[in-house]
Structure formats: C-alpha cells, structure tokens
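Numbers 1 to 349, taken from the numbering used here, label the letters of the sequence shown in order.
Think of the CB as a built atom: it goes at the ideal place given N, C-alpha and C, for glycine as much as any other residue.
In what follows, a single structure is set out as structure tokens and then discussed.
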Amino acid sequence: MELWKDKIRNIDPYVPGEQPDGKDIIKLNTNESPYPPSPMVKKAIAEYDWEKLRLYPSFVCRGVKSALMDIYDVKEDEIFLGNGSDEVLALGFMTFFNSDKPIIFPDITYSFYDVWCELYSIPYKKAALDNSFCIVKEDYFGENGGVVIANPNAPTGIYMALDDIEDIIKHNRDSIVIIDEAYIDFGGISAAELIHKYDNLAVVQTYSKSRALAGIRVGYAMANSKLIQAMEAVKNSFNSYTLDSLSQAAAEAAARDTEYFNRCRSNIISTREWTVNELSRLGFDTLPSSANFIFTTNKNIDAKGLFEYLRSKNIIVRYFNKPRIDQYLRITIGTREQMEVLIKAIGGY
Ligand SMILES: Cc1ncc(COP(=O)(O)O)c(C=O)c1O
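Below, the structure is given as structure tokens:
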C-alpha cells in the first residue's frame, strides 16, 4: 500500500508569509515595498512588444546586466540573473556547497537556508548569534564547506560592518562565502566591491524589496567570472530560461530609475526611524535595523497575542514561533499612513 512513499523525496518546505486577497488589509509581513515600482517599469511593460512573447527569452539577459553594470563596478560575466534571489541562492547552494564538511550560517537567519541544505543533502552547522542578536565573526573562521550570511540579517535587521564581512571572507579562502544582501539598500554598504579582491565571494541581491518588484521575481549574484560560469552550468542543467522577457524589460527599467529608487528608500528609512520611536514610546525594544523591517519586543506584551490581535484588525505582521525569538514580531515598514494605523492599533491593545 502506497509503497511508492519510500521512493519519493519528503521534505519540510519553507513556509512563506501569507499573501491575502483582501484590499483593506495592511500587509506588513513579507518585507515588500509599500510603494509601486518605478513609473519607468509601467512604461516598459506598456511598450513591450507582446508579439515577442512567441520567442524564448534571452538567456544572456544583456539589458538587465548592462543596467546593473551602471550601478556596480562589475562586468557582464560577473553577473548571474535568476527568478528571484531565492532561485539564485538555491542554485548557489547547489553549485558551491558540494563538500563533506558542513556549511555554516547563523542560528537565527533566513529560514530557507536549512531547507536548501535538506533538499540537496548539504551538511550544515548553525552558529549562535550573541545575546544582542549579532553575528560572532570568529565562529566562521574554522574549516567548513562554505558560509552563508544575510547582511543585514533577517529577521533581526542587524547589519554587520563590511570590515567584519571581509574578515570572514579572508578566513575562508578555501570555501565559498555567500553574502545575501536582500536588504542592503536600506542602510548598509554592499560587499559587491570585494568580488575583485576575493574569488571565493558571491554577493546576492534582489529586485523584490528596494526596487518594489517582488511580483516579477528577479534576483542576481555578483561574483568572480569563474563562480558565475559554474552557476550558469548548474542552471543550464536545470532550466536555461529562468527569467522571462517581460520581467527582463521591467527589471532593466527599474534599475535605471535611480532618482525614484533613492526617493523610495529614503522614505522607508525615515518611516522606519519614526516607527521605532513611536514603538519605544509604547514600551517596545526594537533591534537596530538597517532593513525595510524591524524586529521588536515588549516585555509586558505577549508577541503571539499581539500578532493575533493585529490580525483581527486586518494588520498582518510576522510572528515566528521559534526558540529565542518567540517574543518578537517582525514588522515590514509600510507607508507613513500605514504605520500610523499600526501604532494606533498597538496603542489600543
Ligand atoms: C534574507 C532574504 N534573502 C532572500 C529573500 C528572497 O527574496 P526574493 O526571492 O524575492 O528575491 C528574502 C525574502 O524575503 C530574504 O528575506
């Protein structure tokens, strides 16, 4: 009976945040941008020649790469594009972590890392964050099969200085270090500038957060051309056309609108600071965030109870029922108006 059960792959998948349909919901649970994408994206999609959908997309993705080359000091063969940074990271894990030794990442970080290790049977070890939820860099200096660090980290929002990131890369010249920079545009310095100095570094970024394009799924890695070639070979053993042509047009337009990008991120940063101050007035302690979300706790309020109360008021935030962080809520920074509604709701709890 159901003997096939022993032959198929069983895995506990990553559980993404809820994507509700309702219009009246204030959605602060998956770190999307509260602003629409650049108007240049609207124009690029409107002007897109629909007849081209007949053809397979370009797998070189030259337009998107050239826009990224104007932002970062990288060459075309130092960029790898994929269907969201989740796919880029998943292919990165498959390409770079092929050793018997465990890879290392923090005990509190993006929970997809464990899932990819389980999926690909990559041995892994978690290094505990310190009592302030900071990464202890020395934990990553020993022999390992690779290192993954989200910087700023999620769900804490804490940023690790570039010098410390460089120290970790320097201590791991025999393995690959992936720096996941999904949130770097909200307050940190990218490690992208180090890819010419270290051939064991891959920096991964996304269009989903600071470029307000979570819906089109575009992410990328920047690394030494040999690492990029290795990723391309793995990708081309799986699916050559991961990025559709409409997404390529939108991503290129978004990357070229620097003015709009800067305006949105500075609004988000100032709303973040406003929200942290308001929460502090209500007795909350918030970890120092360099991201478009905050991680906050109140010793007099049960986090799960508050999460459920906010849900009943149509405000969705993220609660993780996990050791060390089960009294915290992760709250995405919305518009100033949305955060005012949130603060009012919390004040009435
Ligand atoms: C740390 C981190 N990395 C990567 C991602 C994946 O983003 P995407 O696949 O939308 O590019 C997320 C999404 O929330 C994230 O929090």
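Counterpart residues of residue i in DSSP-defined beta bridges
| i | result |
| --- | --- |
| P106 | A127 |
| I331 | I294 |
| I179 | I149 and V203 |
| F80 | A221 |
| I316 | K27 |
| T242 | Bridge partners of T242: none, in fact. |
| K285 | Checking the sequence shown, residue 285 turns out to be Asp, not Lys. DSSP lists T297 as partners of D285. |
Proximity test, residue i beta-carbon vs ligand 1 heavy atom, cut-off 8 Å
| i | result |
| --- | --- |
| T335 | no |
| L89 | yes |
| A202 | no |
| Y110 | yes |
| H217 | First, the amino acid is wrong: residue 217 is Arg here, not His. Because some heavy atom of ligand 1 lies under 8 Å away, the Cβ of R217 counts as near it: yes. |
| D199 | no |
| S190 | no |
| T30 | yes |
| T156 | no |
| D185 | no |
| G84 | yes |
| D244 | no |
| A182 | yes |
| S208 | yes |
Start and end residues, beta strand (DSSP E) containing residue i
| i | result |
| --- | --- |
| V148 | G146 to A150 |
Cβ distance (whole Å) where residue i is taken to contact residue j below 8 Å
| i | j | result |
| --- | --- | --- |
| V218 | I179 | About 18 Å separates the two Cβ atoms, so there is no contact after all. |
| Q327 | A303 | 5 Å |
| A291 | G157 | 4 Å |
| R318 | L329 | 7 Å |
| Y220 | F80 | 6 Å |
| I104 | N144 | 5 Å |
| G187 | I269 | 7 Å |
| N172 | N200 | 6 Å |
Residue-level contact to chain D via CB, residue i, 9 Å cutoff
| i | result |
| --- | --- |
| V15 | Annotation note: the requested chain D is absent from the structure, which comprises a single protein chain. |
Alpha helix (DSSP H) segment containing residue i, residue limits
| i | result |
| --- | --- |
| A255 | S245 to R256 |
| V204 | It is not in any alpha helix (DSSP H) - V204 instead sits in the beta strand (DSSP E) that spans L201 to T206. |
| I184 | Neither: I184 is in no alpha helix (DSSP H) and is coded neither H nor E. |
| C61 | Where C61 is concerned, there is no enclosing alpha helix (DSSP H), given that its DSSP letter is neither H nor E. |
| K209 | That residue, K209, is in no alpha helix (DSSP H); it is neither H nor E in DSSP. |
| E308 | A303 to S312 |
| I165 | L162 to K170 |
| V341 | R336 to G347 |
| Y140 | Where Y140 is concerned, there is no enclosing alpha helix (DSSP H), given that its DSSP letter is neither H nor E. |
| F112 | F112 to Y120 |
| A44 | P39 to A46 |
Next item on the list: Inspect the CB distances between the segment 336-346 and the segment 271-283 and report whether three or more fall short of 8 Å.
Entry: yes
Notebook entry, point to check: Would you call the segment 104-113 and the segment 236-252 touching, i.e. three or more CB-CB distances under 8 Å?
Noted result: no
Check: So, do the segment 127-144 and the segment 53-63 have three or more beta carbon pairs nearer to each other than 8 Å?
Finding: no
Check: Should the segment 220-239 be called in touch with the segment 258-265, which here means at least 3 C-beta pairs below 8 Å?
Finding: no
Next item on the list: Decide yes or no for the touch test of the segment 311-327 against the segment 6-22: beta carbon pairs closer than 8 Å, at least 3 of them.
Entry: yes
Note to self: Under 8 Å, with one C-beta from each stretch per pair, do the segment 126-138 and the segment 175-190 reach the 3-pair mark?
What the structure shows: no
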